[in-house]
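Visitor: Can you read through this structure? Questions will come right after.
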Amino acid sequence: MPPCHSDQAPDAAPCRVGVVVEAPQHSGLLGPLDYLSPQALPAGTVVRVPLGRRVVTGVVWDQGADDAASQALSDAQLKPVAEVLTGLPPLPASWRQLLLFAANYYQRSLGEMTLMVLPPELRQLDDTQWGRRLKRLDKAVAQGAASGVASGGTDSGAAGPELPELTPQQAQALAALAGPADKPFLLWGSTGSGKTEVYLRQAQRALDAGRQVLMMVPEINLTPQLEARVAERFAGRHIVSLHSGLTPAQRLRNWLMAHTGHADLVLGTRLSVFTPMPRLGLIVVDEEHDPSYKQQDGARYSARDLAVYRARLEGVPVVLGSATPSLESWYNALPTAEGGAGRYLRLAMPSRVGDGIMPTVRVLDLTRAPKPLPGRSPPPLAAELLQAIEQRVERGEQSLVLLNRRGYAPVLHCSDCGWKSGCPHCSAWRVFHKVDRTLRCHHCGFTERVPRACPDCGNQDIAPMGRGTERLEEQLAEILPQARVGRIDADVTKHKGALEAQLASVHAGEVDVLVGTQMVAKGHDFRRITLVAAVNPDAALFASDFRAAERQFALLLQAAGRAGRDAQVAGHSEMWVQTYHPTHPLYAALRRYDYADFAAQQLKEREMAGLPPYASLAMLRAEGKTQEAAQHFLTRAAELTQALAESSGALITLYPPVPTPIQRVANVERAQLMIESASRLALQRFLQAAQAIWLDEAQKNRRSGLIRWAVDVDPLSI
Ligand code: ADP
Ligand code: ZN
Ligand code: ZN
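Spelled out as structure tokens, the structure:
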């Protein structure tokens with residue numbers, strides 16, 4: 009049987025097609041499988057094919073393998089394609105190339121990657137249902153009012169909303185963006201410098217040129233304001249969102265709108281980087297430093313990095329925006345003359361719009377605060393900070409108190425016998441939540457009612473140790489009886505609509521003091537907040553993860569950016585940092601809002617330590633029934649590929665396996681092995697070759713208690 013040629017007439021004899029089907033990474037199946045088709049099928053066609061005893065969804069990838077092994081399979085051994093989704097336009101070549109790159113780079117099977125990024129509903133509909141879906145979609149578009157699709161009206165010729173006059177820095181950035189797009193742009197603008205306005209103007213250009221825009225945000229649920237702003241600006245355009253908060257049906261519809269070219273603008277989280285868009289003309293990655301762009305399980309891809317790849321692939325500009333870029337992007341955008349890679353073009357917008365100035369940073373030295381009485385914990389806020397907040401309350405201004413730990417207290421403790429509320433399934437404490445009087449493990453979810461007495465000795469007097477947001481809220485309400493204290497964290501906002509409601513009440517001025525986790529530090533445009541306080545920011549200074557400082561700096565700067573956004577009250581806005589390490593260089597840089605200086609400090613350290621961006625990392629992770637089982641696999645994996653690593657010109661270093669920082673979660677032991685290379689390419693080649701060896705070794709380790717293993721390329725957490 010001949011392979012199908014794309015120019016084959018539809019009524020020609022049956023031929024072979026290569027179809028990518030979902031297959032777990034470790035099945036060893038990496039490429040497409042051959043099937044028979046009665047007619048030629050264009051690459052990118054979505055089909056259903058038999059696999060074992062099931063019928064699964066797949067994507068036609070090529071015209072059948074032409075290697076000897078596949079050719080040796082006689083046609084009688086090949087199964088025919090079961091169904092063709094004729095109603096769905098084939099997925100374009102650039103999309104397939106993106107998936108192929110992602111699968112190779114992140115060491116996953118093509119099938120897993122491909123089926124992961126397609127809307128799950130796609131796998132459930134048959135061809136007739138398809139036809140109906142697409143027809144309904146066409147009708148909705150024709151009416152100009154697809155339900156659930158943000159669209160400001162049908163008359164795109166109407167005068168748009170009044171646009172603000174650009175600041176000189178915005179104008180300059182936009183002038184550069186109008187130039188050649190042979191390099192990714194890094195829009196490095198202070199919080200409140202008007203980055204969003206720049207994205208919108210650039211998007212307008214693309215839309216005017218008849219192109220589609222992909223605008224990515226780290227967490228769409230936290231940015232309803234951006235959605236509203238985009239919808240308002242582009243009234244009359246079809247705007248769709250793609251994120252995990254959608255129902256499967258909504259997700260499919262929005263994805264189809266994009267894929268068929270009906271949607272002009274896609275606003276989405278990391279998964280949206282894979283949205284097929286036939287008229288793509290611009291990619292924006294807002295808050296590009298945000299860790300949410302990296303998927304933390306399964307195929308551990310970085311949507312930010314894939315956006316850069318995709319932009320080059322499709323020849324469209326990509327804008328990465330941040331006030332505190334990731335050190336990788338920063339290094340890429342640093343001119344070679346300044347010791348950087350010079351691969352990106354940096355556009356700086358250091359000033360806030362209008363008369364907005366960044367709040368004054370006050371580093372509050374806790375070593376000088378009066379010591380608490382023996383047996384008492386220190387007050388949540390030092391006296392000066394409390395006073396500053398009281399003043400805000402009196403003036404009718406708002407304060408934001410940041411504490412990155414939810415719950416009432418991180419642990420309960422018996423002072424008689426020393427019992428602590430550990431999780432029986434994890435190497436972690438269970439957090440005390442007072443609202444429902446539970447002990448909850450934040451790692452495995454194990455939840456129990458708080459015991460009345462110490463489970464070990466019967467002591468009735470078990471007490472919370474330390475402080476989470478719930479307790480801080482309670483304490484502040486006590487100390488500041490005149491203030492209305494509110495809270496925003498993952499517990500408060502579990503229920504749909506709760507976050508929006510809570511944010512609305514902050515915007516409406518119904519809250520004087522807002523306690524929150526990092527969730528409130530990002531992106532929100534609070535107009536009346538004039539004081540932001542980080543009450544316990546020191547932990548990150550000494551964390552084992554080399555990115556902890558970078559993340560903390562970004563968080564504090566973002567948090568500071570929530571204050572003083574309204575010029576009328578900006579003059580006296582403040583960012584407070586309560587610390588036992590007031591002279592730490594991180595705080596010194598924060599004081600001056602000197603990201604460049606902070607980045608220079610960090611880059612120097614990274615260069616000396618041989619860490620990203622000066623080196624590439626991969627993490628081989630293993631989970632086992634016992635720590636020994638997990639580590640045994642890693643040790644063997646390293647031994648078996650040591651020669652391979654050395655043959656790469658000693659460019660690859662394999663480190664000894666170690667337990668992960670939280671080594672047991674849900675009764676599973678975890679360990680990891682770091683792989684480092686000065687050359688990204690050498691690392692890629694090594695991983696590619698090592699996979700097969702590890703796969704083989706893993707099979708042998710099944711019986712000795714290895715549960716799972718995976719490679720994490722460019723890991724974000726160490
Ligand atoms: P960023 O994204 O950099 O934090 P935004 O784009 O959200 O900043 O801008 C901050 C505020 O300034 C917003 O309320 C926005 O509407 C306003 N703004 C942006 N650009 C201008 C401008 N050129 N003139 C007046 N106001 C502007
Ligand atoms: Zn006890
Ligand atoms: Zn647990």
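Residues in the sequence shown are numbered consecutively from 9, following the working numbering. For glycine and all other residues, C-beta sits at the position ideal for the given N, C-alpha and C.
If you scan the region 560 to 600 from start to end, which runs of the beta strand (DSSP E) of 3 or more residues do you find wholly inside it?
Guide: Entirely contained in the region 560 to 600, the beta strand (DSSP E) runs reaching 3 residues are, in chain order, 582 to 587.
Visitor: Is it a yes or a no for the region 627 to 643 touching the region 390 to 403, going by three-plus beta-carbon pairs under 8 Å?
Guide: No, they do not touch.
Visitor: Roughly how many angstroms lie between the CA atoms of Met-473 and Val-68, to the nearest whole one?
Guide: One C-alpha to the other measures close to 58 Å.
Visitor: Helix or strand or just coil, what does DSSP make of Phe-694?
Guide: Phe-694: helix per DSSP, three-state reduction.
Visitor: Which of the three DSSP states is assigned to Val-676 in this structure?
Guide: In the structure shown, Val-676 sits in a strand (DSSP, three-state: E or B).
Visitor: Using a threshold of 7 Å, is the CB atom of Phe-282 nearer than that to any non-hydrogen atom of ligand 3?
Guide: No; taking the cut-off as 7 Å, the Cβ of Phe-282 has no heavy atom of ligand 3 nearer than that.
Visitor: Name the residue from Pro-459, Asn-467, Ser-429 and Gly-466 whose alpha carbon lies nearest to the alpha carbon of Cys-449.
Guide: Among Pro-459, Asn-467, Ser-429 and Gly-466, the Cα nearest to that of Cys-449 is on Ser-429.
Visitor: Grab me the residues of Leu-724's own chain with a C-beta within less than 6 Å of its C-beta, minus the 5 sequence neighbours each way, in chain order.
Guide: Only Pro-299 and Lys-302 meet the Cβ criterion.
Visitor: Cα separation between Tyr-603 and Ala-597?
Guide: So the two alpha carbons sit approximately 7 Å from each other.
Visitor: Please confirm whether His-248 and Met-265 have their CB atoms less than 8 Å apart.
Guide: The residue asked about is misnamed: residue 248 is Val in this sequence, not His. The answer is yes: Cβ separation under 8 Å.
Visitor: In its own chain, which residues sit with a C-beta less than 8 Å from the C-beta of Thr-204, not counting the 5 before and 5 after it?
Guide: Taken in chain order, the residues that qualify are Leu-234, Arg-237 and Asp-294.
Visitor: Since Gly-200 contacts Gly-364 with CB under 8 Å, what's their CB separation in whole angstroms?
Guide: Rounded, the Cβ-Cβ distance is 5 Å, consistent with contact.
Visitor: Output needed for Asn-675: all residues of its chain with C-beta closer than 6 Å, excluding positions within five of it in sequence on either side, in chain order.
Guide: Closer than 6 Å at the Cβ level, and outside the excluded window around Asn-675, lie His-433.
Visitor: If we require 3 or more residues per run, which beta strand (DSSP E) segments fall completely within the region 434 to 499?
Guide: The region 434 to 499 contains these whole beta strand (DSSP E) runs: 439 to 441, 446 to 448, 455 to 457, 470 to 473 and 493 to 496.
Visitor: Output yes or no for whether 8 Å exceeds the beta carbon distance between Leu-522 and Gln-406.
Guide: Yes, they are a contact pair.
Visitor: Quick one: grab the DSSP three-state call for Leu-41.
Guide: If DSSP states are grouped into helix, strand and coil, Leu-41 belongs with the strands.
Visitor: Sorted by chain position, which residues of the same chain lie with C-beta nearer than 7 Å to Gln-510's C-beta, five sequence neighbours on each side aside?
Guide: Within the same chain, Gln-510 has close Cβ partners Gly-494, Ile-496, Val-500 and Thr-501.
Visitor: Quick one: measure Cβ to Cβ for Val-361 and Gly-202, integer angstroms, because I've assumed they're closer than 8 Å.
Guide: Val-361 to Gly-202, Cβ: 5 Å. Contact.
Visitor: Pick helix, strand or coil for Met-224, following the three-state DSSP scheme.
Guide: The answer is strand: DSSP assigns Met-224 an E or B state.
Visitor: Could you tell me which uninterrupted alpha helix (DSSP H) segments, each at least 4 residues in length, are contained entirely in the region 258 to 314, listed from first to last along the chain?
Guide: Runs found: none.
Visitor: Since Leu-215 and Asp-272 should fall inside the 8 Å C-beta cutoff, what is the C-beta to C-beta distance between them, to a whole number of angstroms?
Guide: The Cβ separation is near 6 Å, so the contact holds.
Visitor: Taking the alpha-carbon positions, what's the Ala-706 to Arg-678 distance?
Guide: Ala-706 and Arg-678: Cα-Cα distance of roughly 15 Å.
Visitor: Could you work out which residue in Asp-464, Arg-457, Pro-418 and Phe-694 is closest to His-451 when comparing CA atoms only?
Guide: Closest option to His-451, Cα to Cα, is Pro-418.
Visitor: Below 8 Å on the Cβ atoms is my guess for Leu-727 versus Val-55; work out the distance and round it to an integer in Å.
Guide: Residue 727 cannot be examined here, being either before or after the span of the chain that is shown, 9 to 726.
Visitor: Would the C-beta of Phe-454 count as close to ligand 3, meaning under 7 Å from any of its heavy atoms?
Guide: Yes.
Visitor: Given a threshold of 16 other Cβ atoms within 10 Å of its Cβ, counted over all protein chains shown, does His-421 qualify as buried or as exposed?
Guide: It counts as buried.
Visitor: Would you say the beta carbon of His-441 is closer than 7 Å to some non-hydrogen atom of ligand 3?
Guide: Not under cutoff, so the answer is no.
Visitor: For the beta strand (DSSP E) that Phe-193 lies in, which residues bound it at each end?
Guide: Phe-193 -> beta strand (DSSP E) spans 193 to 197.
Visitor: Would you tell me roughly how many angstroms separate the C-alpha atoms of Leu-123 and Gln-586, rounded to the nearest one?
Guide: The alpha-carbon atoms of Leu-123 and Gln-586 are separated by roughly 47 Å.
Visitor: Do Leu-4 and Leu-539 have their C-beta atoms closer together than 8 Å?
Guide: The first residue shown for the chain is 9 and the last is 726, placing residue 4 beyond what the model contains.
Visitor: I'd like to check one pair, Glu-322 with Leu-374: are the Cβ atoms closer than 8 Å?
Guide: No, the Cβ-Cβ distance between Leu-374 and Glu-322 is not below 8 Å.
Visitor: Express the C-alpha separation of Ser-198 and Met-357 in angstroms, rounding to a whole number.
Guide: Going from the Cα of Met-357 to the Cα of Ser-198 covers about 6 Å.
Visitor: Which same chain residues end up closer than 8 Å to Val-27 when comparing Cβ atoms and leaving out the 5 residues on each side of it in sequence?
Guide: Same-chain partners within the cutoff: Pro-40, Leu-41, Asp-42, Tyr-43, Val-55, Val-57, Gly-66, Val-67, Val-68, Trp-69 and Val-89.
Visitor: Counting Cβ pairs, one atom from each stretch, are 3 or more of them under 8 Å apart for the region 336 to 346 and the region 172 to 186?
Guide: Contact fails: fewer than three Cβ-Cβ distances are below 8 Å.
Visitor: In angstroms, rounded to a whole number, what distance separates the CA positions of Arg-710 and Arg-716?
Guide: Going by the C-alpha atoms only, they are around 9 Å apart.
Visitor: Just to check my reading of the structure: Val-721 and Tyr-114 have Cβ atoms closer than 8 Å, yes? What is that Cβ distance to the nearest angstrom?
Guide: About 5 Å separates the two Cβ atoms, so the contact holds.
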